[in-house]
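Below is one structure, written out as structure tokens, with a few remarks after it.
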Amino acid sequence: MASSALAKPQVHGLWAKHLQFHIIGVFVVSVGVAALYKFAVAEPRKKTYTDFCRNYDSMKDFEEMRKASIFQRTK
Amino acid sequence: MTQGFKVCTRVCVSVFRSITLCVTLNLHGFSKMYSMCFSESVVKSEDFTLPAYVDRRDYPLPDVAHVKHLSASQKALKEKEKASWSSLSMDEKVELYRIKFKESFAEMNRRSNEWKTVVGTAMFFFGITALIVMWEKRYVYGPLPQTFDKEWVAMQTKRMLDMKVNPIQGLASKWDYEKNEWKK
Chain H
1 MASSALAKPQ VHGLWAKHLQ FHIIGVFVVS VGVAALYKFA VAEPRKKTYT
51 DFCRNYDSMK DFEEMRKASI FQRTK
Chain W
76 MTQGFKVCTR VCVSVFRSIT LCVTLNLHGF SKMYSMCFSE SVVKSEDFTL
126 PAYVDRRDYP LPDVAHVKHL SASQKALKEK EKASWSSLSM DEKVELYRIK
176 FKESFAEMNR RSNEWKTVVG TAMFFFGITA LIVMWEKRYV YGPLPQTFDK
226 EWVAMQTKRM LDMKVNPIQG LASKWDYEKN EWKK
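Same order as they appear, the protein sequences are chains H and W. FYI, my numbering numbers position 42 of the first sequence as 42, with every residue one higher than the one before it. Add 75 to the 1-based position in the second sequence for my numbering, that's all there is to it.
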């Protein structure tokens with residue numbers, strides 16, 4: 001009388017299975033997202049800033065701005 | 076004097092009537108009385124105060140069976156169910172299931188094409204809104220301020236570049252100050 005079309009579904013340990021899946025998933029997803037952010041956003045940004053600041057001359061910058069006459073108190 | 080007397084009699088009468096009503100009728104009789112008032116039609120009105128049958132994933136065993144009034148053959152089948160179940164044929168087992176439940180889990184969880192209707196209707200009303208906004212821009216709004224003119228925006232951008240706005244990662248970092256053009 002038993003039909004052979006369907007396999008018997010899992011009846012025990014459903015919460016344990018759910019927990020294991022989600023605990024592993026939480027670690028993988030959070031570490032993955034953090035690593036992705038670090039190497040795609042944070043590290044390039046740090047590099048851009050150090051490259052900018054290495055040869056930055058603020059007085060030269062100021063002189064350029066002054067020549068472009070954007071200041072109101074000095075020409 | 077007489078006004079007060081009239082109010083008192085009215086209050087006493089309504090209190091007496093409500094008390095007798097609660098005493099003489101239980102909840103089922105109460106709803107039956109009102110259902111008789113409202114339904115003059117042939118169909119007996121559904122009594123929503125009684126436990127109901129539901130097809131829900133999160134409520135697998137409903138409060139009542141699906142079929143309330145069994146036919147003669149169904150009654151015989153329910154009698155046969157009281158004996159050993161191995162004597163039941165496959166069709167009889169399915170019939171017993173259908174007496175108790177309306178839809179199987181597979182049937183109640185079946186997918187549908189409703190989402191297409193929903194998405195289509197939403198996009199349709201979005202389109203109508205777009206037409207309304209177009210009419211509004213043409214007939215209601217005044218002109219844009221001069222700060223949106225192309226020449227003004229060019230002067231504005233030139234001034235921002237002169238000020239070296241956001242020189243590390245922002246606007247001024249995209250401008251090549253030696254060649255006087257945008258960086259490629």
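By construction, the Cβ of each residue, glycine as well, lies at the ideal position given by its N, Cα and C atoms. These numbers come from a predicted model, not from an experiment.
Would residue 105/W count as contacting chain H if we go by Cβ distances under 9 Å? Below a pLDDT of 50, predicted positions are generally treated as unreliable, and residue 105/W, at 49, falls in that range; the measurement from the model is reported next regardless. At a cut-off of 9 Å between C-beta atoms, residue 105/W does not count as an interface residue with respect to chain H.
DSSP puts residue 256/W in a beta bridge; with which residues? DSSP links residue 256/W through a beta bridge to 251/W.
Throw me the rounded Cβ distance for the residue 156/W and residue 171/W pair, which I believe falls under 8 Å. 6 Å
Within 9 Å of any Cβ in chain W, is that where the Cβ of residue 63/H sits? no
On the three-state DSSP scale, how would you describe residue 131/W? strand
Kindly indicate the opening and closing residues of the alpha helix (DSSP H) around residue 22/H. 14-37
I need the straight-line Cα distance from residue 243/W to residue 67/H, nearest angstrom please. 21 Å
Assigned exposure category for residue 225/W - 16 Cβ within 10 Å defines buried: exposed
With 16 other CB atoms within 10 Å as the buried threshold, where does residue 8/H fall? exposed
What are the start and end residues of each continuous alpha helix (DSSP H) run of 4 or more residues lying completely inside the stretch 165-246 of chain W, in chain order? 165-175, 180-183, 189-214, 225-237
Using a Cβ-Cβ distance under 9 Å, would residue 69/H count as near chain W? yes
Rounded Cβ spacing between residue 132/W and residue 184/W (contact assumed at less than 8 Å): 7 Å
Assigned exposure category for residue 236/W - 16 Cβ within 10 Å defines buried: buried
So residue 149/W and residue 139/W are in contact, right, with Cβ under 8 Å, and what is the actual spacing, rounded? In fact, because the Cβ distance is near 15 Å, the residues do not count as touching under 8 Å.
At what residues does the alpha helix (DSSP H) containing residue 121/W begin and finish? Run containing residue 121/W: none; DSSP gives neither H nor E here.
Using a C-beta cutoff of 9 Å, does residue 14/H count as contacting chain W? no
Three-state secondary structure (DSSP) of residue 49/H: helix
Work out the CA separation of residue 192/W and residue 36/H for me, nearest whole Å. Inter-residue distance for residue 36/H and residue 192/W is about 38 Å (C-alpha atoms, whole angstroms).
Can you give the Cα-Cα distance for residue 121/W and residue 176/W, rounded to whole angstroms? Residue 121/W and residue 176/W have their C-alpha atoms spaced approximately 19 Å apart.
With residue 66/H as the anchor, note down where its alpha helix (DSSP H) starts and where it stops. 58-67
Taking Cβ-Cβ distances shorter than 8 Å, what residues in chain W pair up with residue 37/H? Neighbours of residue 37/H on chain W: none; closest Cβ ~16 Å, over 8 Å.
Please confirm whether residue 74/H has its beta-carbon closer than 9 Å to some beta-carbon of chain W. Cβ-Cβ to chain W under 9 Å: no for residue 74/H.
Positions along the stretch 226-246 of chain W whose CB lies within less than 8 Å of some CB in chain H: Residues passing the 8 Å Cβ filter: 234, 237, 238, 239, 242, 243, 244.
Rounded separation between residue 259/W and residue 215/W - CA only: 42 Å
With residue 69/H and residue 75/H assumed to form a contact (beta carbons below 8 Å), what rounded beta-carbon distance in angstroms separates them? About 7 Å separates the beta carbons of residue 69/H and residue 75/H, which is inside the 8 Å limit, making them a contact pair.
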